[in-house]
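Colleague: Heads up: take any position in the sequence shown, counting from 1, add 53, and you land on my numbering.
Have a look at the structure that comes next, please.
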Amino acid sequence: MVSFRTTLWAAGGNNVGIVVPGDIVRGFDRGKRVPVVVTVDGGYSFRNTIASMGGQCLISFNAETRTATGKGAGDEIEVVLEVDNAPRTVDIPAALAEAFIVDAQAAKVWSTLSYSKQRAHAQAVESAKSDDTRARRVRKVLDELLP
Numbered sequence: 054m055v056s057f058r059t060t061l062w063a064a065g066g067n068n069v070g071i072v073v074p075g076d077i078v079r080g081f082d083r084g085k086r087v088p089v090v091v092t093v094d095g096g097y098s099f100r101n102t103i104a105s106m107g108g109q110c111l112i113s114f115n116a117e118t119r120t121a122t123g124k125g126a127g128d129e130i131e132v133v134l135e136v137d138n139a140p141r142t143v144d145i146p147a148a149l150a151e152a153f154i155v156d157a158q159a160a161k162v163w164s165t166l167s168y169s170k171q172r173a174h175a176q177a178v179e180s181a182k183s184d185d186t187r188a189r190r191v192r193k194v195l196d197e198l199l200p
């Protein structure tokens, strides 16, 4: 586990990130893409992956995280990073799980997707407010899995 103070970096547009010093990333001895649990200011924690972009090592600080922490670009924060060895799994929404029962091939392709792709699809289905919208989003996921 390591900690450091930093200023949230404005990456352009609405994008904000935590720049992770290279010596910290190297200290994990896991390459440049390190799965981590990030704790901000001793309170809010979230799972993410350190990524290399434009010669920097970054952690995304998305809108949900900005809202939860009350922090944004230019704000100073205390960061604690811990390597995240826990498996990354996504809870499949019921409507999508039902579709996978009918279409085993789609379920098989789903299992090969990265955690972030699965999460994005699951969130799209879960956030639907009406049954019609949910059904359309399930159909869209299936179409993307089996073009």
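Where is the CB? At the ideal position from N, CA and C, for every residue including glycine.
Does the Cβ-Cβ distance between PHE153 and ALA147 come in under 7 Å?
Modeller: No, these two residues do not count as a Cβ contact at 7 Å.
Colleague: Can you tell me which of the three DSSP states PHE114 falls into?
Modeller: In the structure shown, PHE114 sits in coil (DSSP, three-state: anything other than H, G, I, E or B).
Colleague: Using CA coordinates, which residue listed in ILE103, SER98, VAL73 is at the minimum distance from THR120?
Modeller: When each option's Cα is compared against that of THR120, the closest is SER98.
Colleague: Do VAL78 and PHE114 have their C-beta atoms closer together than 7 Å?
Modeller: No. Outside cutoff.
Colleague: Would you call the region 129-138 in contact with the region 85-94, where contact means no fewer than 3 C-beta pairs closer than 8 Å?
Modeller: The region 129-138, when compared against the region 85-94, does touch it at the 8 Å Cβ threshold.
Colleague: With VAL136 as the anchor, note down where its beta strand (DSSP E) starts and where it stops.
Modeller: Here the beta strand (DSSP E) through VAL136 covers 129-136.
Colleague: If you draw a straight line from the C-alpha of LEU61 to the C-alpha of ALA116, how long is it?
Modeller: Roughly 13 Å between the two C-alpha positions.
Colleague: Out of ILE71, LEU198, LEU199, LYS193, which one is the CA nearest neighbour of LYS124?
Modeller: It is ILE71 whose Cα lies nearest to the Cα of LYS124.
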